[in-house]
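Each residue of the sequence shown is one higher than the one before, starting from 1 at the first, in full-length UniProt numbering.
Ideal Cβ positions, reconstructed from N, Cα and C, are used throughout, including at glycine.
Heads up, the thing below is written out as structure tokens.
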Amino acid sequence: MSNFLRNTWYAVGWSSEITGDLFSRTLLNESILIYRLPDGSPVALDNRCPHRFAPLDCGKLLADGVVQCGYHGLKFDRTGHCIANPMGKGKVPSRTKVRSYPIIERHQLLWIWMGHPDAADPASIPDYSYITDDSLDQANIGNYLRVQANYQLIIDNLMDLTHVGILHEGSLGNESMLAGQLELVESGNDVCANLWMPQSEAPPYLRNRGPIIDQWLDMRWTCPSSLSLNIGGTASGEPIERPSNFNAIHILTPETEYSTHYFYGTHGRLNPDDTIEQMRKLQTHAFLEEDLPMIEKCAAMMGPTQDFWASKPILLESDAAAVRSRRILDRAIAQEAASTCVAHTTE
Ligand code: FES
Ligand SMILES: [Fe+2]
Numbered sequence: 001m002s003n004f005l006r007n008t009w010y011a012v013g014w015s016s017e018i019t020g021d022l023f024s025r026t027l028l029n030e031s032i033l034i035y036r037l038p039d040g041s042p043v044a045l046d047n048r049c050p051h052r053f054a055p056l057d058c059g060k061l062l063a064d065g066v067v068q069c070g071y072h073g074l075k076f077d078r079t080g081h082c083i084a085n086p087m088g089k090g091k092v093p094s095r096t097k098v099r100s101y102p103i104i105e106r107h108q109l110l111w112i113w114m115g116h117p118d119a120a121d122p123a124s125i126p127d128y129s130y131i132t133d134d135s136l137d138q139a140n141i142g143n144y145l146r147v148q149a150n151y152q153l154i155i156d157n158l159m160d161l162t163h164v165g166i167l168h169e170g171s172l173g174n175e176s177m178l179a180g181q182l183e184l185v186e187s188g189n190d191v192c193a194n195l196w197m198p199q200s201e202a203p204p205y206l207r208n209r210g211p212i213i214d215q216w217l218d219m220r221w222t223c224p225s226s227l228s229l230n231i232g233g234t235a236s237g238e239p240i241e242r243p244s245n246f247n248a249i250h251i252l253t254p255e256t257e258y259s260t261h262y263f264y265g266t267h268g269r270l271n272p273d274d275t276i277e278q279m280r281k282l283q284t285h286a287f288l289e290e291d292l293p294m295i296e297k298c299a300a301m302m303g304p305t306q307d308f309w310a311s312k313p314i315l316l317e318s319d320a321a322a323v324r325s326r327r328i329l330d331r332a333i334a335q336e337a338a339s340t341c342v343a344h345t346t347e
């Protein structure tokens, strides 16, 4: 099973993860080397040396932004071309190069394009512009988890927030949220799953609004795997300012068909006294202790292929947004596979 869209931007790491050293991460089954040039700009190359396939992140980053393989010493520049061979007479065969990938730093994340480089349009990087440099004191970012499950299972989890009343009972949710009204809004490549819960019991993080409040969880999914959740609530009967200025960041990047990089965080404050550390703890607890074990167990129960449709799931009303997202993503993957604009080979 291979269900990856290639002509799209994926988050490969937080800006804070890529410092002055060689760093690697596997995306879409490919090991990618990431580092910064002396001026700070990021570079992404195939992490496999074309000589004897040594991982380049086991080599050295030289002062001029050149990478030297740690096995026999070939040197590669930022474009992936081999510029020096320290052995013998120093001859470099003409096809000695590694693939380079477009990579752009935006909104405290590094975004990589795994498809055809000519199609890489920076304007299509998912919009997390609410994380501005001036608002970093409001940002709980830089959080990362690896999940042993296909990325679409995590999208399913995030696009059906009715699970908050059951799986997160006592931490993020309660049973009164199960009566929420789900609205599905589709625009272009985005699907919004808006859960409106009037006259429901306040969860711990909104308790200062009163015991019974009008609250919402509005999730936006951008194809293929970037999500943003707007959270808010007001005392019942008070004017509603929707959206609130509090957002939860959920960005997923496939590592393999069976594992996912999960970049998460929050931006803004639900209550004036909330600290960034409290937000980090709340979000990490909910995902690490509640969502992640359940998603990984579901993945294991689906068997070795984790093939969703072949597993013949029962579909409930509350699955509408998750299924809509799956249909859009499946269609985009099928269209891409049918086109010739995919780089399968070394450029
Ligand atoms: S494996 Fe890289 S130079 Fe030999
Ligand atoms: Fe959850």
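>> Please report the distance separating the alpha-carbon of L288 from that of S94.
In response: Rounded to the nearest angstrom, the gap between the Cα atoms of L288 and S94 is 48 Å.
> Which of helix, strand or coil does DSSP assign to D330?
Replying inline: Reduced to three states, the DSSP call for D330 is helix.
> Looking at the C-beta of L56, does it have a partner C-beta in chain C at a distance below 8 Å?
Replying inline: Considering every chain present, this structure includes no chain C. It has just one protein chain.
>> So, with DSSP's three-state summary, where would you put D218?
In response: Reduced to three states, the DSSP call for D218 is strand.
> Excluding five sequence neighbours on each side, which residues of the same chain lie with their C-beta closer than 6 Å to the C-beta of V191?
Replying inline: The residues are W221, A321, R324 and S325.
>> Can you confirm whether the region 226-237 touches the region 88-108 when touching is taken to mean that 3 or more C-beta pairs between the two stretches lie within less than 8 Å?
In response: No, because fewer than three Cβ pairs between the region 88-108 and the region 226-237 fall closer than 8 Å, the two stretches do not touch.
> So is the beta-carbon of A44 under 7 Å away from any non-hydrogen atom of ligand 2?
Replying inline: Answer for A44: no, Cβ out of range of ligand 2.
> Would DSSP call Y151 helix, strand or coil?
Replying inline: It is helical.
> Where in the region 254-328 do unbroken runs of the beta strand (DSSP E), each at least 3 residues long, occur, reported from the N-terminal end onward?
Replying inline: As summarised for the region 254-328, the continuous beta strand (DSSP E) elements at least 3 residues long and confined to that stretch are 259-267, given in chain order.
>> For a quick check, are the C-beta atoms of G165 and R6 less than 8 Å apart?
In response: Not in contact: G165 and R6 (Cβ atoms no closer than 8 Å).
> Grouping DSSP H, G and I as helix and E and B as strand, with all else coil, what is V92?
Replying inline: In this structure, DSSP gives V92 a state outside helix and strand, which the three-state scheme calls coil.
>> Tell me the DSSP secondary structure of M114 in three-state form.
In response: M114 sits in coil when the DSSP states are folded into three classes, being neither helix nor strand.
> What do you reckon, are the CB atoms on W46 and V98 nearer than 8 Å?
Replying inline: Reading off the sequence, residue 46 comes out as Asp, not Trp. In this structure, D46 sits near V98, with a CB-CB distance shorter than 8 Å.
>> Give me, in chain order, the residues of the same chain whose beta-carbon lies closer than 8 Å to that of T26; leave out the 5 immediate sequence neighbours on both sides.
In response: Hits under 8 Å: I32, E255 and T256.
> Excluding sequence positions up to five away, which residues of its chain have a Cβ less than 7 Å from the Cβ of V147?
Replying inline: Same-chain partners within the cutoff: I154, S259, T260, Y262, L292, I295 and E296.
> Helix, strand or coil: how does DSSP classify L61 here?
Replying inline: Three-state result, L61: strand.
>> Are the CB atoms of I34 and V66 within a distance shorter than 8 Å?
In response: The beta carbons of V66 and I34 sit no closer together than 8 Å.
> Can you tell me whether T253 is buried or exposed, with buried defined as 16 or more other CB within 10 angstroms of its CB?
Replying inline: Counting C-beta atoms within 10 angstroms of its own C-beta, T253 has 16 or more neighbours from the protein chains shown and is therefore classed as buried.
> Between which two residues does the beta strand (DSSP E) carrying P86 extend?
Replying inline: For P86, there is no enclosing beta strand (DSSP E), as DSSP gives it neither H nor E.
>> Any residue with its C-beta under 7 Å from a non-hydrogen atom of ligand 1 counts. Can you list them all in chain order?
In response: Cβ-based neighbours of ligand 1 within the cut-off: C49, H51, R52, F53, A54, C69, Y71, H72, G73 and L74.
>> Helix, strand or coil for E336? Go by DSSP, reduced to three states.
In response: In this structure, E336 counts as helix in the three-state DSSP scheme.
> Assuming G265 and I141 make a contact with CB atoms under 8 Å, what is their CB distance in whole Å?
Replying inline: G265 to I141, Cβ: 4 Å. Contact.
>> Does the beta-carbon of H163, which I'm using as the reference point, lie nearer than 7 Å to any heavy atom of ligand 2?
In response: Of the heavy atoms belonging to ligand 2, at least one sits nearer than 7 Å to the Cβ of H163.
> Hey, is L167 close to ligand 2, as in C-beta under 7 Å from one of its heavy atoms?
Replying inline: Relative to the non-hydrogen atoms of ligand 2, the Cβ of L167 comes within a distance shorter than 7 Å of at least one.
> Heavy atom of ligand 4 less than 7 Å from the Cβ of E290, yes or no?
Replying inline: Ligands displayed in this structure: ligand 1 and ligand 2; ligand 4 is not among them.
> What do you reckon, is the C-beta of A286 under 7 Å from a heavy atom of ligand 2?
Replying inline: Yes; taking the cut-off as 7 Å, the Cβ of A286 has a heavy atom of ligand 2 nearer than that.
> Taking just the CA atoms, how far does N29 sit from W9?
Replying inline: Answer to the nearest angstrom: the Cα atoms are 16 Å apart.
>> Tell me which residue opens and which closes the beta strand (DSSP E) that N174 is part of.
In response: Bounds of any beta strand (DSSP E) do not take in N174, whose DSSP letter is neither H nor E.
>> Please report the distance separating the alpha-carbon of E317 from that of I240.
In response: Distance between the alpha carbons of E317 and I240: 26 Å.
>> Within 10 Å of its beta-carbon, does E336 have 16 or more other beta-carbons around it, so buried, or fewer, so exposed?
In response: A residue is called buried once 16 or more other Cβ atoms fall within 10 Å of its Cβ, and E336 is buried on that count.
> Under a Cβ-count criterion, where at least 16 other Cβ atoms within 10 Å of its own Cβ denotes burial, should E175 be classed as buried or exposed?
Replying inline: Label assigned to E175: exposed.
> In three-state terms, what does DSSP make of P126?
Replying inline: Taken through DSSP and simplified to helix, strand or coil, P126 comes out as coil.
>> If you measure between the beta carbons of L206 and Q199, is that distance less than 8 Å?
In response: In this structure, Q199 does not lie closer than 8 Å to L206 by Cβ.
>> Does G165 come out as helix, strand or coil in the three-state DSSP assignment?
In response: The answer is helix: DSSP assigns G165 an H, G or I state.
>> I need the straight-line Cα distance from E169 to A332, nearest angstrom please.
In response: For E169 and A332, the distance between alpha carbons rounds to 36 Å.
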